[in-house]
Every structure is written in structure tokens, then in C-alpha cells.
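Read through the structure below, which is laid out as C-alpha cells, and then see the notes.
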Amino acid sequence: MNQPKKIRFKYRIKYAKGPEMRFVSHLDLMRLFQRAVRRAGIPIGYSHGFNPHQLMSFGNPLSLGMTSVAEYCDMELEKEMDADEIADRLRAVMNDGIEIIRAARLSQTAMTAMADLRACEYEAVLDESVTDEMLDKSIKPFLEQKEILAMKKTKSFFKETDIRPDIFAIENVSDGKGAKIKLILAAGSTRSLRADLTVQTLYDYMGVDFDKYRIKFVRTEMYREIDGEFVPLDREAATA
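Under our numbering, the residues of the sequence shown are numbered 357 to 596, in order.
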């Protein structure tokens, strides 16, 4: 006789990844969260089979060297909990460099963050070889190109690819302290574009040498798409 399917309760955690964690890999970050959940006594659900694992998933992995103020982790719990209590328990045990911003309850039918993801937003603080004036002159004609070719890595090799359809926006947001841009780029399980590759193509267009280690990248949001508009993954998520 088949056992009835166990009801689990879905939650989405929004967190920031600070400078202390910028060189921690995605795999190590997953392990860090798994340990924190156990220490916090959160009743996480487990998969079945010979090697049960916590029912936890993450949004688009962040490239090494980048920080973020908008990362997401989804969890399925064995019992219902207050979302604020989940966030408080995780804060009490979490490693330095990870800030738990909030937790939200998801509907039972909600897709995972990765499945729902359509775009990521970044800020890039550029090096001194680029000026505010150079950006003002270059961004508009750069985006007006019919195609923007870049060597994009596939699973096993590099391939010249037109990345223009995956660039949703680039904006000059320099603040007088140096050149800075905001980028909104395709992300998710079907389409994805790296921020550093996009900035490299812009540098090439401007005729400037590119060194990603002299540029500060911060992921500032991750978006789903609702009625043709980008909406943060944690907005309008708390529906039981």
C-alpha cells in the first residue's frame, strides 16, 4: 500500500554574502548552510533513498570573488514555522560574512529560486582606466549593436556567442567616486550571462585593457518575471 505523500512547508531565505566569503565556492556555501540548519535546530526535510540529503536549493551560483546583497536559499521543512523565527535561528549560528536578511513562506506549488529565476542585477565598480565620461559616450552605442560577440564557456569548451539578447540593461551609475555601472543580465536554468564577461566586452568596445581582479562586482538582486516585469525573488513570495 502506498504511503500518502508527506506535506512539507516551503520557505525562501534571502541573505547577503560579504567580502569575507567572496572566495568561498558554491559547494562550500551549501555545506555551510547545511551545518547552520542543523545547529539551529530547524526541522529540515530529507530526501529518500540510500543517501538522504537536506531538501535545500539555491539560486544562480555567484562567481568567485564577487559579493552579494541578494542571494536566495529555498528549504522544505517537516513542520510549519514562523518565518521570522527561522531567520533569527539562522542568524544566531551563521558564519561571519553571511547575513540573513529575511525568510518568507512560499506556497506549496512555488517553483525553486533557480527554476523561477530570469535575471540578475549587478553593480560593477570599474578601475581607474575608465571614466564617467567614457561610459556616457560608450554604453548607448555599445547596446545599439546588432550583435555582441564573446567567447562564452560551454560545458566542455569556449564558443563564440552573441550575448546581446542576454543583456537586458547597462546603466552608468557613477557617483563621483569613480566609474560604476549597473547591469541586468539573463540568469536561470536556460539562459545565463556572467557579469565579468559582459564588462569585458564593454572594455573591449572602449579599447581598454580588462582585468577583472581590479573591478569590484556586487550582485544586488535576483529576479523572476511576472507579466513581463522583473520582480525580486522574495517579493510576493509569502503565500501559504
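By construction, the Cβ of each residue, glycine as well, lies at the ideal position given by its N, Cα and C atoms.
Just the C-alpha distance for residue i and residue j, rounded to the nearest angstrom, thanks.
i	j	result
R395	I454	15 Å
D567	M507	16 Å
F379	L418	10 Å
F573	L505	22 Å
R458	I369	6 Å
I523	V555	11 Å
F514	K502	22 Å
S512	D438	44 Å
E376	D452	7 Å
S381	L420	7 Å
A542	L446	30 Å
A460	T576	19 Å
Considering residue i, what are the terminal residues of the beta strand (DSSP E) in which it resides?
i	result
Y561	Per DSSP, Y561 belongs to no beta strand (DSSP E); it is in the alpha helix (DSSP H), 551-562.
R368	365-373
P517	In the sequence on display, residue 517 carries Thr and not Pro. First-last of the beta strand (DSSP E) with T517: 514-518.
P521	That residue, P521, is in no beta strand (DSSP E); it is neither H nor E in DSSP.
S381	Careful: S381 lies outside any beta strand (DSSP E) and carries neither H nor E.
S413	412-414
P588	585-588
M507	505-509
V598	Here the chain covers residues 357 to 596 and nothing more, so residue 598 does not appear.
So what does DSSP say about residue i, is it helix, strand or coil?
i	result
E436	coil
T576	strand
Q389	Correcting the residue type first, residue 389 is Phe in the shown sequence and not Gln. Helix.
K496	helix
R394	helix
I456	strand
A543	coil
R461	strand
A466	coil
M490	helix
E581	strand
E427	strand
I442	helix
K502	coil
K538	strand
R591	coil
So, using beta-carbon positions, are residue i and residue j closer together than 8 Å?
i	j	result
G534	L482	yes
L462	N416	no
S530	K538	no
T465	S413	no
I365	E432	The identity of residue 365 in the sequence shown is Phe, whereas the question assumes Ile. The answer is yes: Cβ separation under 8 Å.
T557	I495	no
A480	A551	yes
K362	P399	no
A392	M450	yes
Is residue i close to chain C, meaning its C-beta is less than 8 Å from at least one C-beta of that chain?
i	result
Y367	Protein chains in the displayed structure number just one, and chain C is not present.
Following the continuous alpha helix (DSSP H) through residue i, name the residue where it begins and the one where it ends.
i	result
D472	469-472
Quick check: does the Cβ of residue i come within less than 7 Å of any heavy atom belonging to the ligand ZN?
i	result
L553	Looking at this structure, you won't find the ligand ZN or any other ligand, since it has none at all.
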